[in-house]
Amino acid sequence: DQQVKQNSPSLSVQEGRISILNCDYTNSMFDYFLWYKKYPAEGPTFLISISSIKDKNEDGRFTVFLNKSAKHLSLHIVPSQPGDSAVYFCAAVGSGGGADGLTFGKGTHLIIQP
Amino acid sequence: GAGVSQSPSNKVTEKGKDVELRCDPISGHTALYWYRQRLGQGLEFLIYFQGNSAPDKSGLPSDRFSAERTGESVSTLTIQRTQQEDSAVYLCASSFSSATNEKLFFGSGTQLSVL
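One line per chain: the protein sequences are D and V, in this order. Residues 16 to 129 in the working numbering are what the first sequence spells out, letter by letter. Residues -14 to 100 in the working numbering are what the second sequence spells out, letter by letter.
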């Protein structure tokens, strides 16, 4: 049973436009959420995170929104750039600590078209 | 080194053989994780080491899988009697601590192909 779901395997966006990547979770014990970005043949790299006490966190072109009541978060990238083309993983962890690491979604492949 | 290093980067083996994968974490990182990513799937937690504590093996899929870590340094993941369903990218990550908000730093992974 997937506790972190990314229902869009891929997303194509024009350069300069906004990219919106969605993530849903089912475990109400999750209270910290992260987005990782992965290029081919490389390991995932941390992008941005948000704690459950917030509903928004912004870092440059990247903003993550959290809707706790809907158990939904989204990553907004604006404006989208060609270098943003990658697989984006949503991840979550519970307040019990990181003893079992993060729970990851299956990822969304973002393709930025020129 | 500056980042998490994994070797080999690629491994092709025959069904039934044993394989050993290696991970060198970032120096000073006390927490080390192994994940697996099968084709079209997300990252699947396998095992976690924190300092000298007993590892959390709750994610290991079968007793053919085992891992060791020497102190706070190198870790090896061993898969015995490999099966075709073991084919995946095996990713190692380390972090400064196991705190909830601690970022994980990943290596580039080992692509394992079991023929």
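Where is the CB? At the ideal position from N, CA and C, for every residue including glycine.
Short CB-CB distance (under 8 Å) between residue i and chain V
i: Ala56 of chain D; result: yes
i: Thr123 of chain D; result: no
i: Asn22 of chain D; result: no
i: Leu90 of chain D; result: no
i: Leu81 of chain D; result: no
i: Ser64 of chain D; result: yes
i: Gly98 of chain D; result: no
i: Glu75 of chain D; result: The residue asked about is misnamed: residue 75 of chain D is Gly in this sequence, not Glu. No, because no Cβ of chain V sits closer than 8 Å to the Cβ of Gly75 of chain D.
i: Leu26 of chain D; result: no
i: Thr60 of chain D; result: yes
Min CB distance residue i to chain D below 8 Å
i: Ser12 of chain V; result: no
i: Gln68 of chain V; result: no
i: Ser47 of chain V; result: no
i: Ser100 of chain V; result: One detail in the question is off: residue 100 of chain V reads as Leu in this sequence, not Ser. It does not; no Cβ of chain D falls within 8 Å.
i: Ser51 of chain V; result: no
i: Arg34 of chain V; result: Looking at the sequence provided, one finds Phe at residue 34 of chain V rather than Arg. Answer no: the Cβ-Cβ gap between Phe34 of chain V and chain D never drops below 8 Å.
i: Leu76 of chain V; result: yes
i: Leu28 of chain V; result: yes
i: Asn37 of chain V; result: no
When the options are compared against residue i, the one with the closest alpha-carbon
i: Ser66 of chain D; options: D:Phe80, D:Gly75 and D:Pro129; result: D:Phe80
i: Ala39 of chain V; options: V:Gly25, V:Asp48 and V:Glu57; result: V:Glu57
i: Tyr33 of chain V; options: V:Val(-11), V:Val99 and V:Leu45; result: V:Leu45
i: Ala85 of chain D; options: D:Asn37, D:Gln17, D:Gln29 and D:Gly31; result: D:Asn37
i: Gln93 of chain V; options: D:Gly58, D:Arg76 and D:His87; result: Residue identity differs from the one stated: residue 93 of chain V is Ser in this sequence, not Gln. Of the candidates D:Gly58, D:Arg76 and D:His87, the one whose C-alpha sits nearest the C-alpha of Ser93 of chain V is D:Gly58.
i: Gly25 of chain V; options: D:His87, D:Gly120, D:Ser34 and D:Ile127; result: D:Gly120
i: Gln35 of chain V; options: V:Phe90, V:Phe91, V:Ser79 and V:Asn86; result: V:Ser79
i: Pro(-7) of chain V; options: V:Val99, V:Thr95 and V:Leu100; result: V:Thr95
i: Gln17 of chain D; options: D:Ser34, D:Ser100 and D:Asp39; result: D:Asp39
i: Gly109 of chain D; options: V:Asn37, V:Phe81 and V:Asn86; result: V:Asn86
i: His124 of chain D; options: D:Ser100, D:Thr118 and D:Leu117; result: D:Ser100
i: Lys88 of chain V; options: D:Ile33, D:Tyr47 and D:Ile35; result: D:Tyr47
i: Lys42 of chain V; options: V:Gln(-9), V:Ile11, V:Gln69 and V:Tyr18; result: V:Tyr18
i: His14 of chain V; options: V:Gln69, V:Tyr20, V:Arg54 and V:Arg49; result: V:Arg54
i: Ser(-10) of chain V; options: V:Lys2, V:Arg21, V:Asp3 and V:Ile11; result: V:Ile11
i: Ala84 of chain V; options: V:Leu100, V:Val99 and V:Ala16; result: V:Ala16
i: Lys69 of chain D; options: D:Leu117, D:Lys83, D:Val19 and D:Thr118; result: D:Lys83
i: Gln68 of chain V; options: V:Asp9, V:Ala52, V:Val59 and V:Ser47; result: V:Ser47
i: Cys8 of chain V; options: V:Asn37, V:Gly1 and V:Thr63; result: V:Thr63
i: Leu31 of chain V; options: D:Pro129, D:Leu117 and D:Gly122; result: D:Leu117
Cβ distance (whole Å) where residue i is taken to contact residue j below 8 Å
i: Leu6 of chain V; j: Thr61 of chain V; result: 7 Å
i: Phe90 of chain V; j: Gly27 of chain V; result: So it is not a contact: roughly 18 Å between Cβ atoms.
i: Leu88 of chain D; j: Phe77 of chain D; result: 13 Å between Cβ atoms; not a contact.
i: Glu30 of chain D; j: Ile127 of chain D; result: 5 Å
i: Arg23 of chain V; j: Arg49 of chain V; result: With 8 Å as the limit, Arg23 of chain V and Arg49 of chain V do not qualify as a contact, their Cβ atoms being about 16 Å apart.
The ligand PLP heavy atom lying under 7 Å from the CB of residue i
i: Phe34 of chain V; result: The ligand PLP is not among the ligands present in this structure, which contains no ligands whatsoever.
Short CB-CB distance (under 8 Å) between residue i and chain A
i: Pro46 of chain V; result: Absent from the structure: chain A. Protein chains present are D and V.
Next item on the list: May I ask you to verify whether the region 49 to 59 of chain D touches the region 102 to 109 of chain D, counting CB pairs closer than 8 Å and requiring at least 3?
Entry: yes
Using 8 Å as the cut-off, can you tell me whether the region -3 to 7 of chain V makes contact with the region 86 to 98 of chain D, which would need three or more C-beta pairs spanning the two stretches below that distance? no
- Where the region 86 to 99 of chain V meets chain D: residues whose CB sits under 9 Å from a CB there: When CB distances to chain D are screened at a threshold of 9 Å, the residues of the region 86 to 99 of chain V falling below it are Asn86, Glu87, Lys88, Leu89, Phe90, Phe91, Gly92, Ser93, Gly94 and Gln96, in chain order.
Margin query: For the region 31 to 46 of chain D against the region 67 to 79 of chain V, do three or more pairs of beta-carbon atoms, one drawn from each stretch, fall closer than 8 Å, so that the two count as touching?
Written below: no
- Contact set between the region 31 to 47 of chain D and chain V, restricted to residues whose Cβ is under 9 Å from the partner: Asp46 and Tyr47
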